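Chains as they are written, first to last, in full-length UniProt numbering: chain A, 1 to 402; chain B, 1 to 328.
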Ligand SMILES: Nc1ncnc2c1ncn2[C@@H]1O[C@H](COP(=O)(O)OP(=O)(O)O)[C@@H](O)[C@H]1O
Ligand SMILES: [Mg+2]
């Protein structure tokens with residue numbers, strides 16, 4: 001199961017944020033957030049959480065829909081865990097309200113919420129066997145003994161821990177503990193599962209394998225997942241949507257593609273993946289295109305979307321490294337010197353499948369470009385200190401303000 | 001045996017940064033020549049202590065217990081004597097005989113066990129909530145609270161017991177207070193009863209219950225309780241299923257620390273108890289100092305030890321087995 005490709009139907013690039021995709025294929029798309037009739041399962045309304053005079057979560061509003069695999073992504077200390085703990089009921093919002101399934105959660109203690117949480121540290125009960133850890137939640141609800149036994153067995157089967165049922169947590173490996181924690185939080189069939197850095201303690205290989213297992217389990221059980229992570233790759237792989245958090249506030253919410261291709265701020269653009277930022281000023285601002293003059297880039301940047309800025313305004317253009325092509329000859333399609341510039345190759349990192357080039361422009365700006373290694377390394381046409389042309393297509397750039 | 005460097009005693013941090021290696025090496029060379037590894041040296045300390053202050057005195061007491069009372073100093077017969085060009089070994093069991101002849105001793109043992117047991121329970125029921133409250137208090141308040149628990153040790157134990165006498169006596173603090181509040185009309189007879197002994201022992205040994213309990217409760221992972229709540233357990237249920245089982249080592253340690261000395265307690269029953277408060281420590285004292293029957297007194301002491309050590313060894317055996325199972 002771990003080697004299966006992610007079966008989730010991915011929404012395609014949907015155009016500038018907020019607009020529906022031009023072509024819809026309703027048979028596979030899961031996009032309740034575009035459906036005005038869909039009722040959100042979780043509604044977070046203007047929630048703020050302060051510890052003393054420190055604001056950990058700052059005026060957050062979010063809607064999360066049933067069946068979503070929703071990620072809260074942000075650096076350490078950005079308030080992800082605090083937001084999750086408010087959903088679980090361990091912290092009360094200082095301001096704002098949280099609704100789960102239409103019910104206001106204010107004052108409802110954790111043990112009365114239709115929510116289960118998988119803790120960052122797993123928080124397995126050290127004095128109980130794997131089996132009893134998993135059965136704990138069912139016992140609290142007074143589920144009959146026979147049913148407990150079958151449901152625990154099913155759950156252990158699902159996370160492949162049946163042979164370890166009689167062990168204590170300290171007799172398990174990190175990956176096995178993580179599965180016990182998952183089984184324990186899923187056995188009550190919660191409608192909503194909160195996961196705080198569920199893969200944080202696992203090594204890289206195990207993480208990648210477990211990412212797919214998590215997605216599979218989530219789809220099999222139809223549970224809504226809200227996952228906290230600081231790993232953007234992990235969030236991109238697993239999520240239906242991502243909320244990027246910065247200093248307690250939401251910087252952007254969107255599908256992985258939206259977040260990657262259409263970041264709405266320098267913060268998101270730089271937080272997710274790597275990006276080249278060119279500083280410049282708007283020359284033309286039309287509904288279907290924008291033209292930006294950038295001394296840093298050494299050329300005019302033509303972008304096929306509206307900047308929503310007045311001519312003359314200061315702005316940034318973000319261009320992803322894989323969208324920059326690198327050639328020794330001046331590209332033929334270069335039109336009027338737009339989106340084309342020159343530089344000198346300073347560094348090349350060979351990663352096997354791709355190579356990363358660091359190119360210094362005349363302005364001193366260092367640009368990153370990646371290219372797949374279609375030919376063998378030994379025949380590499382571009383090498384250190386070569387003068388090269390950099391170019392990109394008009395759709396590649398995204399205009400951002402500070 | 002592990003390589004000696006691995007478990008060598010740590011050099012004192014006050015030494016300059018370069019010196020420790022050479023000093024340590026020299027110490028190691030010497031100890032190794034003596035057949036001692038660092039680890040052995042560390043263990044040696046407690047062993048030497050045990051031999052010096054427990055095992056040797058125990059042998060002396062054992063020796064006295066098989067002698068016969070005699071008039072003189074010391075007041076018992078010699079174990080081995082040079083008589084007519086031969087060694088005479090005198091081993092008599094009259095001391096132990098007395099234990100069975102007079103059921104006073106059996107009653108005193110049983111009563112001591114009862115008083116120690118009840119007092120241990122009282123300490124547990126009073127001490128657990130206190131330890132829990134301290135362990136869950138804000139971190140900066142825990143230190144001062146613990147200080148308050150330890151503070152009574154700064155006054156002599158004897159003085160604190162005398163203080164209880166003046167609290168509990170007929171015209172004492174407690175009776176005066178209750179009389180003036182109109183709750184009672186006759187002074188309560190508490191001093192010189194078993195009740196006073198329970199109060200005295202519970203009061204005196206309470207810190208020995210609280211400290212180990214605090215130690216286990218304090219290091220308990222708070223997220224376990226959150227996890228329990230998350231899985232639907234109400235606070236009381238979380239306490240019973242998570243906190244209580246996880247604090248069991250503290251409960252056991254605290255109970256042993258209270259129970260064992262309480263069984264042999266002598267001062268508290270002598271000062272607070274009535275003439276009919278039978279406790280083995282008191283009988284022991286009487287035998288030594290009133291009857292000057294050292295062999296019988298030693299026999300009582302050895303029987304008491306056997307009484308206490310037996311159950312503890314059995315307990316430890318089971319606990320050790322549990323841990324082995326856990327680590328397998
Ligand atoms: N109980 C608390 N008391 C005080 N500050 C807290 C508390 N919990 C979290 N914080 C602070 O809130 C901020 C956000 O924490 P957290 O939500 O854990 O971040 P993240 O999970 O994104 O790393 C941090 O700066 C942290 O120090
Ligand atoms: Mg966190």
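Quick reminder that beta carbons are idealized off the backbone N, C-alpha and C, glycines included.
What you are looking at is a predicted structure, and each value in this text was computed from that prediction instead of being measured.
Our two residues, residue 233 (chain A) and residue 34 (chain A), have alpha carbons roughly 24 Å apart in a direct line.
Just measuring C-alpha positions, the residue of B:192, B:206 and B:112 sitting nearest residue 157 (chain B) is B:206.
C-alpha of residue 284 (chain B) to C-alpha of residue 47 (chain B): approximately 28 Å in a straight line. Neighbours of residue 217 (chain B) in chain A, taken as residues at a C-beta separation under 8 Å, are lacking, since the least C-beta distance is about 14 Å.
Neighbours of residue 385 (chain A) across chain B, judged by C-beta separation under 7 Å, do not exist; the nearest C-beta is about 47 Å away.
For the C-beta of residue 242 (chain B), the chain A residues within less than 7 Å are, from N- to C-terminus, 125.
Under the DSSP assignment, residue 360 (chain A) falls in the beta strand (DSSP E) whose first and last residues are 354-361. For residue 49 (chain A), the secondary structure class from DSSP, reduced to helix, strand or coil, is strand.
For the C-beta of residue 88 (chain A), the chain B residues within less than 7 Å are, from N- to C-terminus, 230.
With 16 or more other Cβ atoms inside 10 Å of its own Cβ, residue 226 (chain B) counts as buried. In summary, residue 42 (chain A) is buried, with 16 or more beta-carbon neighbours lying within 10 Å of its beta-carbon over all protein chains present. At least 7 Å separates the CB of residue 292 (chain B) from every CB of chain A. Shown in chain order are the members of the stretch 128-156 of chain A whose Cβ falls below 7 Å from a Cβ of chain B: 136, 137, 140 and 141.
Taken atom to atom, the span from the alpha-carbon of residue 381 (chain A) to that of residue 51 (chain A) is near 57 Å.
The nearest non-hydrogen atom of ligand 2 is less than 6 Å from the C-beta of residue 81 (chain A). Under the Cβ distance rule, residue 245 (chain B) counts among the residues neighbouring chain A, one pair being separated by less than 7 Å.
When the beta-carbon positions are compared, residue 319 (chain A) and residue 371 (chain A) stay at least 7 Å from each other. Residue 186 (chain A) and residue 203 (chain A) have their C-alpha atoms some 23 Å from each other. Residue 110 (chain A) belongs to the set of residues whose beta carbon lies under 7 Å from a beta carbon in chain B. When the Cα atoms are used, residue 244 (chain A) and residue 83 (chain A) turn out to be separated by approximately 13 Å.
If you look at residue 125 (chain B), you'll find it isn't in any beta strand (DSSP E); it sits in the alpha helix (DSSP H) that goes 103-136. When rounded, the separation of the alpha-carbon atoms in residue 168 (chain A) and residue 44 (chain B) is 35 Å. In this chain, residue 185 (chain B) is not harboured by any alpha helix (DSSP H), its DSSP state being neither H nor E. For residue 78 (chain A), the Cβ falls inside the 6 Å cut-off from some heavy atom of ligand 1.
In this structure the stretch 109-121 of chain B touches the stretch 253-269 of chain B; the number of beta carbon pairs closer than 8 Å is three or more. Relative to ligand 1, even the nearest heavy atom lies 6 Å or more away from the CB of residue 362 (chain A). Residues of chain B with a Cβ closer than 7 Å to the Cβ of residue 121 (chain A) are, in chain order, 223. In the DSSP assignment, residue 252 (chain B) falls outside any beta strand (DSSP E) and lies within the alpha helix (DSSP H) extending over 248-263.
Within chain B, the residues 230 and 231 have their CB atoms less than 8 Å from the CB of residue 116 (chain A), given in chain order. Residue 41 (chain A) carries a coil assignment under DSSP once its states are collapsed to helix, strand and coil. Annotation: Cβ neighbours of residue 188 (chain A) in chain B (cutoff 8 Å, chain order): 231 and 232. Taking 7 Å as the threshold, the shortest C-beta distance from residue 226 (chain B) to chain A falls below it.
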